[in-house]
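*Asks:*
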Amino acid sequence: MNIFYKILILIFLNGFTAIVAQIILYKEILSQIYANEIVLCFVLSSWLLSGAIAGIIIFPKYFKEKSDKFLMLGYGLLPVISILISIFSLLAIRNIKALFNIPVEQVINIWDAVIITFLIYSPSAFFLTLSFSFAGEILKRKNGDIKLLYIIEIIGSIVAGVLFTLFLAGKHSNLELLYWLGVITIIVVYVLYRDKNDYNKIINSIMVIVLILYLIPLLTNSLKKIDDKSFNKSYSKYNIIFKREGLDSKVVIAKKKDEYFVFSNGLLKYQTKDPDIIQFIGWPMVLRNNYKNILLVNGGYTGVISEIQKYKMIEKITSVETDLDTAELLEKNLKDTISSNNIKYVHGDLIYYLYNINELEKYDLVLLNLFEPNTFLNNRYFTIEFFKLLKRHISQDGLIVFYLSSSENYLIKELSDLVSVIYYTVKSIFLNVEIIYGDTTFFLVSDGNINLKTTEIINNIKKNNYQIPQLNPVYIEEKLKKSIEIKNLQEKRKIKINKMLEPEAYYHLIKKDLFLFKNSQTFIKIIFVFILFLFVIYNLIKINKIKNNVLPYISIFLLSATTIILELCLILIYQSFYGYLYRSIGLLYSFFMVGILLGAILYIIFEIKFKTIIILAELLNIIILLYILSFNSIEKPINPNFIIFFIIGAGFFVGAMFNLMLKNSDVSVLYGADLAGGAIGGVLFGLIIFPLAGFTGIIVLNLLFLSIIYILGLKNV
């Protein structure tokens, strides 16, 4: 086979493998390490950083001067090595908690998550980038068009993102998908290297041996056993009843003694004997006796409905389960345990549900059994825009109840700030907000009167013969006394409210995760992360080719940083509005790659000027900034097509700039500079800029970076 076709087919496979491995390992990290969208920043940074190390440091120093035979041999082996390492990385992720004796319920802190993500992601990205560098050097020696190499890899990435999202995700386990991708890779390499020469014979011999060994788990029916055993490893203290790898989450229903536990992405979501639920239902019931129509959000299948049904005045319950994967598994396995004569079940996003129900549908009591706003997905339900929407479906004196995990010690700043943010957010929409403070803090919200007099509450309990052991007279009096103190403190504070595009609640919680672990071990981890990045930048700067011709490498480095920052910004805005990031991530990646492809092709056709690329990039950032500043209503969120357009636009500038700078630069080092810039952008976004400055600060920083690139261009072009 012609050497050019061989290289291009393998580089297509390179791009395909890179996206599939990224998505699968990302989902595994979410379910085992740190279930937060911000992990995407670490994932991208880790992947790009290790690729930059391969392209900037390793390839030029150790492989660039090797013979054609060596390069062709290595180019055939590297894709296979990468996919095998991806499989071992997946198994390593699944065993992390068991290996370090960490209970499955325990959240790994953010700095450990950063380091684990780098260690897991680095090997696959390293070998895939080496493969690209090998291909670039081979083409260069054969006088081939390196621009075509870049374009073909991007096409492979686009195909992978679309194929994975639309046809593969949720239908097979992650391990099975990687395994079959390995089979395809080995066979493709074997077929491409059939020509009879020395290095082809070596490759073919290796591929035959690898394929035979690789097929052993399939032929012995042990692949499924390995998959199940690795999946179940973290849940060794539980008896797993049902499990599912869905589009959005990994869901496990487990049993311990006589209690059921439901885990979603490695986090304990529900337990059937949760003591907080008794109070969650009890507080509104002891205040009033006139609830007829109730909206329950989450937990209907795991005991909350059963608790509500103890109170006989209820006529109708609408139970919304916001996680589709969890809802489908619970309905299939636990619905029969609930008496459901007056219950309507709804599966899907709560905001979408509220948009689409009849305006005349009003609820007397809304029970928001939500999770703290430590992710963009959860934060949506604690914003001023959400409460405005919810208010349209509350009866005149209707009551809303929700809760947050907190601490009896109100002096923990991050937690007290969180309570204040939520208090002022709700108070800006409803007339009355009461706080019952403790390790679990309950919020009672209404436009009607909320009577928190101890004697009347106790009389109501006795009158209706309610059996609520937790709400005894001493406990009630103590809680209400504390609540008055906390509420008085709130009235004296001035604090921002929580919005979709200004997620103050999320900021406080992510800062807590970043800075609450103030000890020497954490400090060492922080230093390790930043030394790693400085090491790559230092090696990029000291390369002689860069010293003599700095513009291409600095331009692509800074533009890649701004582009990754913008891409992450748009992805998180998408999650804030629509909440389906995890099932859509492959498509969002593909749209970004479509932008890179368009930029690369249009540059070839029109030879777009340096200054034009930067001016267009600045214009795109300004448009997004104006939208963020002007957004004030969840009723008119940005159309998803606009977000897709902006993501494509972000990719366009990198594709065009990369091909522009290829004229006067070394492809391996330029590619490494591109990856290094993206890695810096990702880690800056996730660990520093976003927690401190938010979406607005991010776009302003992008404009600053783009201005620096423009000034450099004026001096050098």
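So for the sequence shown, our numbering puts the first residue at 4; every next one is plus one.
Quick reminder that beta carbons are idealized off the backbone N, C-alpha and C, glycines included.
What you are looking at is a predicted structure, and each value in this text was computed from that prediction instead of being measured.
Measuring straight from C-alpha to C-alpha, what distance separates Leu709 and Leu562?
*Replies:* The straight-line gap from Cα to Cα measures roughly 7 Å.
*Asks:* Measuring alpha carbon to alpha carbon, tell me which residue in Ile32, Gly147, Ile149 is nearest Ser92.
*Replies:* The shortest C-alpha separation from Ser92 is found at Ile32.
*Asks:* Under DSSP, the alpha helix (DSSP H) around Leu93 begins and ends at which residues?
*Replies:* First-last of the alpha helix (DSSP H) with Leu93: 71 to 102.
*Asks:* Quick one: which unbroken beta strand (DSSP E) runs of 3-plus residues sit fully inside the region 352 to 416? Chain order, please.
*Replies:* The qualifying runs are 366 to 371, 397 to 408.
*Asks:* Report yes or no: do the region 77 to 89 and the region 123 to 133 share at least 3 C-beta pairs separated by less than 8 Å?
*Replies:* Because the criterion of three Cβ pairs below 8 Å is met, the region 77 to 89 and the region 123 to 133 touch.
*Asks:* With Leu74 and Glu140 assumed to form a contact (beta carbons below 8 Å), what rounded beta-carbon distance in angstroms separates them?
*Replies:* Sure, about 6 Å apart at Cβ, within 8 Å.
*Asks:* Have a look at Lys236 and Val254 and give me their C-alpha separation to the nearest angstrom.
*Replies:* C-alpha separation (whole angstroms): 14 Å.
*Asks:* How big is the Cα-Cα spacing for Asn293 and Glu364?
*Replies:* Using only the alpha carbons, I get a separation of about 17 Å.
*Asks:* Is it a yes or a no for the region 699 to 713 touching the region 98 to 110, going by three-plus beta-carbon pairs under 8 Å?
*Replies:* Contact fails: fewer than three Cβ-Cβ distances are below 8 Å.
*Asks:* Use the C-beta contact count for Phe688: other C-beta atoms within 10 angstroms, 16 or more gives buried, fewer gives exposed.
*Replies:* By the 10 Å Cβ count, Phe688 comes out buried.
*Asks:* Could you please give the first and the last residue of the uninterrupted beta strand (DSSP E) stretch that includes Leu665?
*Replies:* Counting along the chain, Leu665 falls outside any beta strand (DSSP E), and DSSP gives it neither H nor E.
*Asks:* Classify Asp337 as buried or exposed, calling it buried when 16 or more other Cβ atoms lie within 10 Å of its own Cβ.
*Replies:* Correcting the residue type first, residue 337 is Leu in the shown sequence and not Asp. Its Cβ being crowded by 16 or more others within 10 Å, Leu337 is buried.
*Asks:* Between the region 531 to 545 and the region 111 to 126, can you find at least three pairs of beta-carbon atoms closer than 8 Å?
*Replies:* Yes: at least three Cβ pairs fall under 8 Å.
*Asks:* Buried or exposed: which applies to Val192, given that a residue is buried once 16 or more other Cβ atoms fall within 10 Å of its Cβ?
*Replies:* Val192 should be labelled buried.
*Asks:* Secondary structure at Gln274, three-state DSSP: helix, strand or coil?
*Replies:* It is a strand residue.
*Asks:* Looking only at its chain, what residues have a beta carbon closer than 6 Å to the beta carbon of Leu298, apart from the 5 residues adjacent to it on each side?
*Replies:* Contacts found: Thr321, Tyr366, Val369.
*Asks:* Given Ile714, which residues of its chain have a CB within under 7 Å of its CB, disregarding the five upstream and five downstream residues?
*Replies:* Counting only Cβ-Cβ distances below 7 Å, and skipping sequence neighbours, we find nothing.
*Asks:* Would you mind giving the Cβ-Cβ distance between Asp328 and Asp251, rounded to the nearest angstrom? I have them listed as a contact below 8 Å.
*Replies:* With a Cβ gap of about 5 Å, Asp328 and Asp251 count as contacting.
*Asks:* Are the region 678 to 685 and the region 47 to 56 touching, with three or more C-beta to C-beta distances below 8 Å?
*Replies:* Yes: the two stretches touch, three or more of their Cβ pairs being nearer than 8 Å.
*Asks:* On the DSSP letters alone, give me the boundaries of the beta strand (DSSP E) that Ala257 sits inside.
*Replies:* Unbroken beta strand (DSSP E) run through Ala257: 253 to 259.
*Asks:* To the nearest angstrom, how far is the alpha carbon of Asn642 from that of Val349?
*Replies:* For Asn642 and Val349, the distance between alpha carbons rounds to 24 Å.
*Asks:* When DSSP labels each residue in this structure, what does Val323 get in the three-state scheme?
*Replies:* It is a strand residue.
*Asks:* Any idea if Leu707 is buried or exposed, counting beta-carbon neighbours within 10 angstroms, 16 or more meaning buried?
*Replies:* Label assigned to Leu707: exposed.
*Asks:* CB Thr428 to CB Ile387, shorter than 8 Å?
*Replies:* Yes, the pair counts as a contact, with Cβ atoms nearer than the cut-off.
*Asks:* Considering only residues of the same chain and omitting the five flanking positions on each side of Asn377, which have a CB-CB separation below 6 Å?
*Replies:* So the qualifying residues of the chain are Leu512.
*Asks:* Tell me whether the beta-carbon of Asn463 lies closer than 8 Å to the beta-carbon of Val289.
*Replies:* Cβ distance < 8 Å, so Asn463 and Val289 count as in contact.
*Asks:* Could you give the first and the last residue of the continuous alpha helix (DSSP H) run that contains Glu494?
*Replies:* Note, Glu494: alpha helix (DSSP H), 476 to 495.
*Asks:* I believe Asp279 touches Thr444 by the beta-carbon criterion, under 8 Å. Please report the beta-carbon distance rounded to the nearest angstrom.
*Replies:* That belief does not hold up - the Cβ atoms of Asp279 and Thr444 are roughly 11 Å apart, past 8 Å.
*Asks:* According to DSSP, is Phe520 helix, strand or coil?
*Replies:* Because Phe520 sits at a pLDDT of 49, beneath the cut-off of 50, its placement in the model cannot be relied upon, and the following sentence gives the value as read from the coordinates. Coil, per DSSP.
*Asks:* Following the continuous alpha helix (DSSP H) through Val110, name the residue where it begins and the one where it ends.
*Replies:* Counting along the chain, Val110 falls outside any alpha helix (DSSP H), and DSSP gives it neither H nor E.
*Asks:* Counting pairs of Cβ atoms below 8 Å between the region 646 to 660 and the region 16 to 36, do you hit three or more?
*Replies:* No: fewer than three Cβ pairs fall under 8 Å.
*Asks:* So, is Leu414 buried or exposed, given that buried needs 16 or more other C-beta atoms within 10 angstroms?
*Replies:* Residue confidence is low: Leu414 scores 49 on pLDDT, short of 50, so the model does not pin down where it sits. Its coordinate-derived value is still stated next. Leu414 is exposed by the Cβ-count criterion.
*Asks:* What is the residue span of the beta strand (DSSP E) that Ile438 lies within?
*Replies:* Unbroken beta strand (DSSP E) run through Ile438: 435 to 439.
*Asks:* So what does DSSP say about Phe634, is it helix, strand or coil?
*Replies:* In the structure shown, Phe634 sits in coil (DSSP, three-state: anything other than H, G, I, E or B).
*Asks:* Taking Asn17 as the reference, which of Ser136, Lys72, Tyr29 has the closest Cα?
*Replies:* Considering only alpha carbons, the answer is Ser136.
*Asks:* In the DSSP assignment, find the unbroken beta strand (DSSP E) run with Ile243 in it and report its ends.
*Replies:* Here the beta strand (DSSP E) through Ile243 covers 242 to 248.
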